[in-house]
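Colleague: Please find one structure pasted underneath; my questions will follow.
2 protein chains.
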Amino acid sequence: MSAMNKQILLKSRPVGEPTADNFQLVETPAPTPGPGQFRVKVIYMSLDPYMRGRMGAEKSYAANAELGQVMVGGGVGVVEDSNNDQFKTGDYVMCGTGWQSYCLSDGTGVMKLNPDQAPISTGVGVLGMPGLTAYYGLLEIGKPQAGETVVVAAASGAVGSVVGQIARIKGCRAIGIAGSAEKCAFVVDELGFDACLNYKDADFKEKLAAACPDGIDVYFENVGGKVFEAVLPLLNDDSRMPVCGLISQYNMTDLPQGTNMLPALMRSVLTHRILIQGFIISYHFHHLPAFLKDVSGWIREGKLKYREDIVEGIEKAPEAFMGLLKGKNFGKLLVRVSDDPTRK
Amino acid sequence: MSAMNKQILLKSRPVGEPTADNFQLVETPAPTPGPGQFRVKVIYMSLDPYMRGRMGAEKSYAANAELGQVMVGGGVGVVEDSNNDQFKTGDYVMCGTGWQSYCLSDGTGVMKLNPDQAPISTGVGVLGMPGLTAYYGLLEIGKPQAGETVVVAAASGAVGSVVGQIARIKGCRAIGIAGSAEKCAFVVDELGFDACLNYKDADFKEKLAAACPDGIDVYFENVGGKVFEAVLPLLNDDSRMPVCGLISQYNMTDLPQGTNMLPALMRSVLTHRILIQGFIISYHFHHLPAFLKDVSGWIREGKLKYREDIVEGIEKAPEAFMGLLKGKNFGKLLVRVSDDPTRK
Numbered sequence: 001m002s003a004m005n006k007q008i009l010l011k012s013r014p015v016g017e018p019t020a021d022n023f024q025l026v027e028t029p030a031p032t033p034g035p036g037q038f039r040v041k042v043i044y045m046s047l048d049p050y051m052r053g054r055m056g057a058e059k060s061y062a063a064n065a066e067l068g069q070v071m072v073g074g075g076v077g078v079v080e081d082s083n084n085d086q087f088k089t090g091d092y093v094m095c096g097t098g099w100q101s102y103c104l105s106d107g108t109g110v111m112k113l114n115p116d117q118a119p120i121s122t123g124v125g126v127l128g129m130p131g132l133t134a135y136y137g138l139l140e141i142g143k144p145q146a147g148e149t150v151v152v153a154a155a156s157g158a159v160g161s162v163v164g165q166i167a168r169i170k171g172c173r174a175i176g177i178a179g180s181a182e183k184c185a186f187v188v189d190e191l192g193f194d195a196c197l198n199y200k201d202a203d204f205k206e207k208l209a210a211a212c213p214d215g216i217d218v219y220f221e222n223v224g225g226k227v228f229e230a231v232l233p234l235l236n237d238d239s240r241m242p243v244c245g246l247i248s249q250y251n252m253t254d255l256p257q258g259t260n261m262l263p264a265l266m267r268s269v270l271t272h273r274i275l276i277q278g279f280i281i282s283y284h285f286h287h288l289p290a291f292l293k294d295v296s297g298w299i300r301e302g303k304l305k306y307r308e309d310i311v312e313g314i315e316k317a318p319e320a321f322m323g324l325l326k327g328k329n330f331g332k333l334l335v336r337v338s339d340d341p342t343r344k
Numbered sequence: 001m002s003a004m005n006k007q008i009l010l011k012s013r014p015v016g017e018p019t020a021d022n023f024q025l026v027e028t029p030a031p032t033p034g035p036g037q038f039r040v041k042v043i044y045m046s047l048d049p050y051m052r053g054r055m056g057a058e059k060s061y062a063a064n065a066e067l068g069q070v071m072v073g074g075g076v077g078v079v080e081d082s083n084n085d086q087f088k089t090g091d092y093v094m095c096g097t098g099w100q101s102y103c104l105s106d107g108t109g110v111m112k113l114n115p116d117q118a119p120i121s122t123g124v125g126v127l128g129m130p131g132l133t134a135y136y137g138l139l140e141i142g143k144p145q146a147g148e149t150v151v152v153a154a155a156s157g158a159v160g161s162v163v164g165q166i167a168r169i170k171g172c173r174a175i176g177i178a179g180s181a182e183k184c185a186f187v188v189d190e191l192g193f194d195a196c197l198n199y200k201d202a203d204f205k206e207k208l209a210a211a212c213p214d215g216i217d218v219y220f221e222n223v224g225g226k227v228f229e230a231v232l233p234l235l236n237d238d239s240r241m242p243v244c245g246l247i248s249q250y251n252m253t254d255l256p257q258g259t260n261m262l263p264a265l266m267r268s269v270l271t272h273r274i275l276i277q278g279f280i281i282s283y284h285f286h287h288l289p290a291f292l293k294d295v296s297g298w299i300r301e302g303k304l305k306y307r308e309d310i311v312e313g314i315e316k317a318p319e320a321f322m323g324l325l326k327g328k329n330f331g332k333l334l335v336r337v338s339d340d341p342t343r344k
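Quick note, the sequences are listed as chains P and W, same order. Taking full-length UniProt numbering, I'd label the letters of the first sequence as residues 1 to 344. Taking full-length UniProt numbering, I'd label the letters of the second sequence as residues 1 to 344.
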């Protein structure tokens with residue numbers, strides 16, 4: 001085996017925004033599978049906001065990445081060399097690949113993908129963890145009822161785009177929030193949301209209020225910060241707030257100074273009987289079968305669309321990840337690590 | 001009918017702490033019941049923190065009191081003169097009496113009390129709204145499991161004392177927080193909590209952490225402010241936080257300046273998958289039968305105790321209410337408006 005494995009290691013832990021210096025690209029010989037193992041040639045690597053938490057030393061909701069080790073993460077690839085009866089050469093799989101071009105696996109936590117049913121890239125997108133996060137959080141915690149107003153930020157992204165489209169399918173008004181006029185137009189014109197506001201507009205708060213004349217019944221929280229502060233006064237009695245992410249906070253080094261908004265939040269929680277619930281999708285994998293059935297059905301029926309933002313080459317992963325935290329991506333962010341033989 | 005009705009009116013809306021000037025005592029002839037009505041001679045009037053919200057002009061979770069009208073509130077009394085078949089002279093009842101010595105009712109929302117089963121004063125205390133608030137919030141939102149740690153502030157008060165004792169009955173560790181050494185001793189020695197901390201102690205935060213070596217699984221929130229900020233770092237994965245009150249905030253006129261704790265709260269919610277849910281007990285009266293059965297049973301068995309702090313004379317109500325917001329009461333705060341013929 002003469003192929004080389006390009007790996008991106010966590011060289012140092014970022015303070016605030018990650019920089020190129022926090023990562024290190026190394027090349028080592030591609031690994032050889034031991035007994036019961038197989039090698040995966042990575043095709044797409046997923047970049048997701050949660051990875052920022054794993055780069056830190058503080059406790060977050062997922063285990064930290066280790067200094068000097070390959071950055072953690074998921075991807076899809078093809079089995080090349082297998083000593084495992086369950087996985088054969090040529091099988092397409094989704095697994096925890098890490099940021100590298102080859103990985104070994106013993107099959108634990110590996111999901112097979114059928115390229116005839118859906119593009120394999122969706123295994124880390126609309127039919128993978130981001131899609132399941134949207135599906136579970138919206139339906140199980142948000143419990144949207146027909147006629148209600150559902151608001152979601154990062155509305156053109158991997159999770160938000162699915163949240164709003166499922167809200168529409170369930171008969172709700174779906175209001176998106178995104179970071180550019182182009183993204184907002186896509187969210188309304190392509191994804192079918194009822195409206196989408198640009199949080200960078202000076203009058204964003206007023207526009208959001210105008211787009212939600214009956215208030216907000218479900219706010220799917222994946223951003224935090226100023227977007228949440230604009231949402232808070234609009235939350236209705238008995239509203240629900242699944243909390244799946246806080247991307248605006250991930251690079252925060254110190255708590256901000258100024259007005260303490262905590263008493264305002266708690267007053268709203270009490271006065272309006274609001275439910276706020278954090279969740280980590282890893283604890284809800286038993287919803288996978290229902291999710292795959294529903295969402296793949298909706299995709300086939302043309303009711304649910306998705307957009308991918310594909311960066312070419314693993315070398316670009318650190319830069320693309322830094323851009324993700326600033327909202328520079330447009331759609332589910334993927335890194336193409338090697339050619340996708342299934343894509344025509 | 002020559003008796004005079006002493007009434008306390010809301011004269012002006014407080015800014016910050018209520019003062020004596022916000023109230024006005026007037027005397028009018030006791031009212032005469034019309035068709036279908038009956039007159040109640042008030043015996044005990046309840047004073048509760050939620051009344052501060054009703055004094056303001058801002059939207060709160062209950063309707064505001066009207067300027068120049070009798071302050072709203074509940075009490076227990078005896079039927080004196082009735083044109084209603086369902087309620088006879090001599091019946092003891094709990095109803096929305098307002099801050100006055102006589103009121104009229106058509107029976108709507110009135111609950112009969114049996115003085116042979118429990119002291120009538122408990123109809124606005126441990127067997128009334130405060131008790132139901134504790135019972136519903138802890139069991140339905142907090143969902144305590146045997147072996148878990150439950151923390152409640154205002155632990156010697158009408159709600160907190162019941163929360164901790166039910167937690168003990170359900171096999172949990174109950175940790176109270178109160179505002180004096182005397183109250184803390186009562187909470188541990190009389191009510192049987194596992195520990196109780198004085199939030200006025202300089203090292204309160206450290207003592208709370210030491211009293212919760214396995215973290216906090218349920219925090220029953222009725223206080224807010226610095227107590228909550230001490231609780232927040234101790235909340236466990238999957239912990240639950242019923243929010244029934246925020247007494248430390250009720251006199252707040254402006255949001256505090258300094259560190260914005262909202263991002264810290266949201267980070268904890270996400271990282272530890274915390275559930276926060278506000279509730280108003282008025283929406284959950286269908287739990288009354290189960291509550292009355294359970295709690296009156298626990299009282300009879302000696303498993304659940306209560307303490308009353310009774311102020312004599314309706315004239316004292318404003319001062320007692322102002323003291324309540326500062327934690328000056330010790331136990332469920334009541335005003336004795338007239339003699340209790342059932343109390344030996």
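The beta-carbon is built from N, C-alpha and C at its ideal position, and this holds for glycine as well.
Skipping 5 residues on each side, what residues in its chain have a beta carbon closer than 6 Å to that of Gly77/P?
Modeller: On the first sequence, position 77 is the one that residue 77/P refers to. If we look at Gly77/P and ignore the five residues flanking it on each side, its Cβ neighbours are Val40, Lys41, Val42, Ile43.
Colleague: Does the structure place the stretch 329-336 of chain W close enough to the stretch 213-227 of chain W that three or more beta carbon pairs sit under 8 Å?
Modeller: The answer is no - the stretch 329-336 of chain W does not touch the stretch 213-227 of chain W, with fewer than three Cβ pairs under 8 Å.
Colleague: Within a Cβ cutoff of 7 Å, which residues of the same chain sit near Val26/P, ignoring the five residues on either side of it in sequence?
Modeller: Here residue 26/P is taken as the residue at index 26 of the first sequence, counted from 1. Contacts found: Gln7, Leu9.
Colleague: The alpha helix (DSSP H) spanning Ile247/P covers which residue range?
Modeller: Reading the first sequence from its first residue, position 247 is the one you call residue 247/P. Unbroken run through Ile247/P: none, as it is neither H nor E.
Colleague: Along chain P, which residues have their Cβ under 9 Å away from the Cβ of Asp330/W?
Modeller: By 1-based counting over the second sequence, the position of residue 330/W is 330. Residue identity check: residue 330/W is Phe in the sequence provided, not Asp. Those do not exist, as Phe330/W stays about 25 Å from chain P at its closest Cβ, beyond 9 Å.
Colleague: Mind pulling the chain P residues with CB within less than 7 Å of Val269/W?
Modeller: On the second sequence, residue 269/W is found 269 positions in, with the first residue counted as 1. Within chain P, the residues near Val269/W are Val243, Ile276, Gly278.
Colleague: Cα-Cα, which of Gly131/P, Leu270/P, Arg54/P, Leu324/P is closest to Asp309/P?
Modeller: Locating residue 309/P in the first sequence gives position 309, counting from the first residue. With distances taken between Cα atoms, Asp309/P lies closest to Leu324/P.
Colleague: Does the stretch 136-150 of chain P come within contact of the stretch 167-180 of chain P, defined as at least 3 CB pairs closer than 8 Å?
Modeller: With a cut-off of 8 Å, the stretch 167-180 of chain P and the stretch 136-150 of chain P count as touching, because enough Cβ pairs lie within range.
Colleague: Assuming Ser82/W is part of the beta strand (DSSP E), what are its boundary residues?
Modeller: Reading the second sequence from its first residue, position 82 is the one you call residue 82/W. Per DSSP, Ser82/W belongs to the beta strand (DSSP E) from 75-82.
Colleague: Return the Cβ separation of Val159/W and Ala134/W in integer angstroms, given the expectation that the two are a contact with Cβ distance under 8 Å.
Modeller: Within the second sequence, residue 159/W is the residue found at index 159, counting from 1. Within the second sequence, residue 134/W is the residue found at index 134, counting from 1. Going by Cβ atoms, the distance from Val159/W to Ala134/W rounds to 5 Å, so yes, they are a contact pair.
Colleague: Take Gln37/P and list the residues in its own chain whose beta-carbon comes closer than 7 Å to its own, dropping the five residues that flank it on each side.
Modeller: The count along the first sequence starts at 1 and reaches residue 37/P at position 37. Closer than 7 Å at the Cβ level, and outside the excluded window around Gln37/P, lie Asn83, Asn84, Leu104, Ser105, Asp106.
Colleague: I'd like the span of the alpha helix (DSSP H) that includes Ser296/P, first residue to last.
Modeller: As a first step, residue 296/P is located in the first sequence; it is residue number 296 there, counting from the start. That run of the alpha helix (DSSP H) goes 288-300.
Colleague: Pairing CB atoms from the stretch 286-302 of chain P with CB atoms from the stretch 290-299 of chain W, are three or more of them under 8 Å?
Modeller: No: the two stretches stay apart, fewer than three of their Cβ pairs being nearer than 8 Å.
Colleague: Compare the C-beta of Gln257/P against all C-beta atoms of chain W and say whether one is closer than 8 Å.
Modeller: Taking the first sequence and counting its residues from 1, one reaches residue 257/P at position 257. Output row for Gln257/P: interface = yes.
Colleague: Using the three-state DSSP reduction, which class does Tyr219/P fall into: helix, strand or coil?
Modeller: Residue numbering aside, residue 219/P sits at position 219 when the first sequence is read from its first letter. Strand at Tyr219/P.
Colleague: Is there a Cβ from chain W that is less than 8 Å from the Cβ of Tyr236/P?
Modeller: Locating residue 236/P in the first sequence gives position 236, counting from the first residue. Tyr is not the amino acid found at residue 236/P; the sequence shown has Asn there. Asn236/P does not count as touching chain W.
Colleague: Between Met266/P and chain W, is the shortest Cβ-Cβ distance under 8 Å, so that the two count as touching?
Modeller: Numbered from 1 along the first sequence, position 266 holds the residue referred to as residue 266/P. By this cut-off, Met266/P is an interface position.
Colleague: Considering just the uninterrupted stretch of the beta strand (DSSP E) at Asp189/P, what are its terminal residues?
Modeller: As a working mapping, residue 189/P is identified with position 189 in the first sequence. Not the beta strand (DSSP E): Asp189/P falls in the alpha helix (DSSP H), residues 181-189.
Colleague: Can you say whether Pro144/W is buried or exposed, counting buried as having 16 or more other CB atoms within 10 angstroms of its CB?
Modeller: Here residue 144/W refers to the residue found at position 144 of the second sequence. Buried: at least 16 other Cβ atoms inside 10 Å.
Colleague: Does Ile120/W come out as helix, strand or coil in the three-state DSSP assignment?
Modeller: Walking along the second sequence from the start, residue 120/W turns up at place 120. In this structure, Ile120/W counts as helix in the three-state DSSP scheme.
Colleague: By Cβ distance, which residues of its chain are closer than 7 Å to Pro115/W, with the 5 residues on each side in sequence left out?
Modeller: The residue labelled residue 115/W in the question sits at position 115 within the second sequence. Once the five neighbours on either side are set aside, the close Cβ partners of Pro115/W are Tyr92, Thr342.
Colleague: Can you check the stretch 107-182 of chain W for any beta strand (DSSP E) of at least 3 residues that lies completely inside it and give the ranges in chain order?
Modeller: The stretch 107-182 of chain W contains these whole beta strand (DSSP E) runs: 111-113, 149-152, 173-178.
Colleague: Taking Cβ positions only, does Asn260/W come closer than 8 Å to chain P?
Modeller: Taking the second sequence and counting its residues from 1, one reaches residue 260/W at position 260. Yes, its Cβ sits closer than 8 Å to a Cβ of chain P.
Colleague: For Leu246/W, decide whether its Cβ has a neighbour in chain P, counting only Cβ atoms nearer than 8 Å.
Modeller: Locating residue 246/W in the second sequence gives position 246, where the first residue counts as 1. Judged by the 8 Å Cβ criterion, Leu246/W is in contact with chain P.
Colleague: What are the boundary residues of the alpha helix (DSSP H) that Val26/W is part of?
Modeller: Reading the second sequence from its first residue, position 26 is the one you call residue 26/W. Per DSSP, Val26/W belongs to no alpha helix (DSSP H); it is in the beta strand (DSSP E), 23-29.
Colleague: Run through chain W and tell me which residues come within less than 9 Å of His284/P, C-beta to C-beta.
Modeller: For the purposes of this step, residue 284/P is identified with residue 284 of the first sequence, where counting begins at 1. Going along chain W, no residue has its Cβ under 9 Å from His284/P, so there is no contact; the nearest lies around 10 Å.
Colleague: Hey, would you say residue 385/W sits closer than 8 Å to Leu132/P, going by beta carbons?
Modeller: One cannot answer for residue 385/W here, as it falls past the ends of chain W, which runs 1 to 344.
Colleague: Going along the chain, which residues of its own chain have a beta-carbon closer than 6 Å to the beta-carbon of residue 362/W, five neighbours each way excluded?
Modeller: Because chain W is modelled from 1 through 344, residue 362/W falls outside the range shown and cannot be assessed.
Colleague: Whose CA, out of His287/W, Ser101/W, Val243/W, lies closest to the CA of Asp340/W?
Modeller: Numbered from its first residue, the second sequence carries residue 340/W at position 340. Per the Cα distances, Ser101/W.
Colleague: Indicate whether at least one CB of chain P lies closer than 8 Å to the CB of Gln145/W.
Modeller: As a working mapping, residue 145/W is identified with position 145 in the second sequence. So no, Gln145/W is outside the interface.
Colleague: Quick check on the DSSP output: the alpha helix (DSSP H) that includes Arg39/P runs from which residue to which?
Modeller: As a working note, residue 39/P is residue 39 in the first sequence. Here Arg39/P belongs to no alpha helix (DSSP H); instead the beta strand (DSSP E) covers 38-46.
Colleague: So, helix, strand or coil for Ala195/P, using DSSP?
Modeller: In the first sequence, residue 195/P corresponds to position 195, counting from 1. If DSSP states are grouped into helix, strand and coil, Ala195/P belongs with the strands.
Colleague: With distance defined between alpha-carbon atoms, name the residue in Gly313/W, Met71/W, Ser282/W nearest to Met129/W.
Modeller: Numbered from 1 along the second sequence, position 129 holds the residue referred to as residue 129/W. Of the listed residues, the one whose Cα sits closest to Met129/W is Ser282/W.
Colleague: Strictly under 8 Å for the Cβ-Cβ distance: is Pro14/W near chain P by that measure?
Modeller: Indexing the second sequence from 1 puts residue 14/W at position 14. Pro14/W does not count as touching chain P.
Colleague: Quick one: does Met252/W have its CB under 8 Å from some CB of chain P?
Modeller: Residue 252/W sits at position 252 when you count from the first residue of the second sequence. Output row for Met252/W: interface = yes.
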